[in-house]
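Counting with our numbering, you get residues 102 to 408 for the letters of the sequence shown.
Glycine included, C-beta positions come from ideal geometry on N, C-alpha and C.
A short worksheet on the structure shown next.
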Amino acid sequence: MDQGDTFRPAGRYAPSPSGDLHLGNLRTAVLAWLFARTTGRSFFIRMEDLDRTAVGADRRQLADLTALGMDWDPPVVYQSTRLATYQSVIDGLRDRGCTFECFCTRREILEAPSAPHAPQGAYPGTCRDLTDAERAERRATGRPPAIRLRTDAELFSVSDLLHGSYAGVVDDFVIQRNDGTPAYNLAVVVDDAAQGVDQVVRGDDLLSSAPRQAYLASLLGHTPPTYAHVPMVLNPDHVRLSKRDGAVTIADLAEREVTAAQVLSHIAQSLWLADRGEVVDIAMLSERFRPDALPREPWILMADECE
Ligand code: GLU
């Protein structure tokens, strides 16, 4: 991922290839594309495939983005090809004394008394200061450790184009899971820095992760990106949209004779970038796009609204 002479700051869309993109994912992708392309940035797609993946989902996701008119700068990066890079960053942090081994189960963390003044849900610090003997005893149980970052901040602020300055909790978060997989919070920071990403547009369910990621970026000597955490799409019960909510993917909608162009129109309408039923293309949306004028509330998708 050497940027060479052609370095330009970049935005990105980073789907998890666990299935087809639904209208919520597609709407976030359109926004990420608009934010990047209307500010002269490169636009990258990164497949976050360290977790559960579905065969062929990556190709279908790319085809769906293309069907809505989005383009991107090659190559599409797959996190599963970058394990050695993540490992060397984890090793570097360990060598700097910035990590510790954590043997806690999820349940032990939930049941541990939290440290005084610690924010709710923060890691209680159980394994942070184990003695060598205590660590040896835990290792002897056979449970492999996760690796946590030894942080020295409780709060860290990020700058968000929609939320302003946002201060959130930074606890001793996991950077490598106990099965050896690099944690999302580590991989995302390493990749954004490697790709020159200085603008992160994604769903606002990830707003509370941004301070941890920005803290880690700073620790690694990178300037944290500017964020735009955009409102989600919710179902009529005001729950985050999922595949269970009916015809919500381009493939489902195609079966009901809704074209990709109509899907884009619907998304545009939900972003106040098109009138009802108006035919638009992505170039028209970039002419109309004004970050300040975006809706700040979630889009509540009514059943069969797109048909
Ligand atoms: N892979 C995450 C998702 O699909 C997005 C992560 C990110 O944009 O930082 O929700």
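- Judged by DSSP in its simplified three-state form, D299 adopts strand.
- In the three-state reduction of the DSSP assignment, T182 falls in the helix class, which pools H, G and I.
- Taking C-alpha positions only, D346 is separated from R391 by approximately 30 Å.
- Within 7 Å of the C-beta of E209 there is not a single heavy atom belonging to the ligand GLU.
- Residues of the same chain with a CB within less than 7 Å of the CB of L307, apart from the 5 flanking positions on each side, are H330 in chain order.
- In the displayed model, M333 falls within coil according to three-state DSSP, outside both helix and strand.
- Counting the other Cβ atoms within 10 Å of the Cβ of V156 gives fewer than 16, which makes it exposed.
- Within the same chain, S258 and S260 come within 7 Å of S266 by CB-CB distance, once the 5 residues on both sides are set aside.
- Remark: the shortest separation between the CB of P332 and any heavy atom of the ligand GLU does not fall under 7 Å.
- One alpha carbon belongs to P245, the other to A213, and they sit about 20 Å apart.
- Collapsing the DSSP output to three states places G265 in a strand.
- Residue pairing from DSSP places V275 in a beta bridge opposite R249.
- By the neighbour-count definition (other C-beta atoms within 10 Å, threshold 16), H123 is a buried residue.
- Judged by beta-carbon spacing, M171 lies beyond the 8 Å limit of A137, meaning their Cβ atoms are not closer than that value.
- Collapsing the DSSP output to three states places V259 in a strand.
- DSSP places R142 in the coil class of the three-state scheme, outside both helix and strand.
- For A111, the enclosing beta strand (DSSP E) begins and ends at A111 to Y114.
- Contact between L365 and L169 holds: their C-beta atoms lie close to 5 Å from each other, under 8 Å.
- In the DSSP assignment, T200 falls within the beta strand (DSSP E) that extends over T200 to C203.
- Residues of the same chain with a CB within less than 6 Å of the CB of D272, apart from the 5 flanking positions on each side, are A223 and Y224 in chain order.
- Exclusion of the five residues before and after E238 leaves no residue of its chain whose Cβ lies closer than 8 Å to its Cβ.
- For the pair of segments examined, the region 290-297 was found to touch the region 313-330: the number of CB pairs separated by less than 8 Å reaches three.
- Going by C-alpha positions, T327 is about 31 Å away from A362.
- With three or more CB-CB distances shorter than 8 Å, the region 173-180 counts as touching the region 138-146.
- Across the structure, I276 and L402 are spaced so that their CA atoms are roughly 35 Å apart.
- The beta carbon of T242 lies closer than 8 Å to those of F204 in the same chain, with the five residues before and after it left out.
- Contact between L151 and P283 holds: their C-beta atoms lie close to 6 Å from each other, under 8 Å.
- Taking 8 Å as the cut-off, the Cβ atoms of L250 and C199 count as close.
- Here the distance from the Cβ of V275 to the nearest heavy atom of the ligand GLU is not below 7 Å.
- In this structure, P116 has its beta carbon less than 7 Å from a heavy atom of the ligand GLU.
- Exclusion of V259 from the 7 Å shell around the ligand GLU follows from its C-beta lying no nearer than that to any non-hydrogen atom of the ligand.
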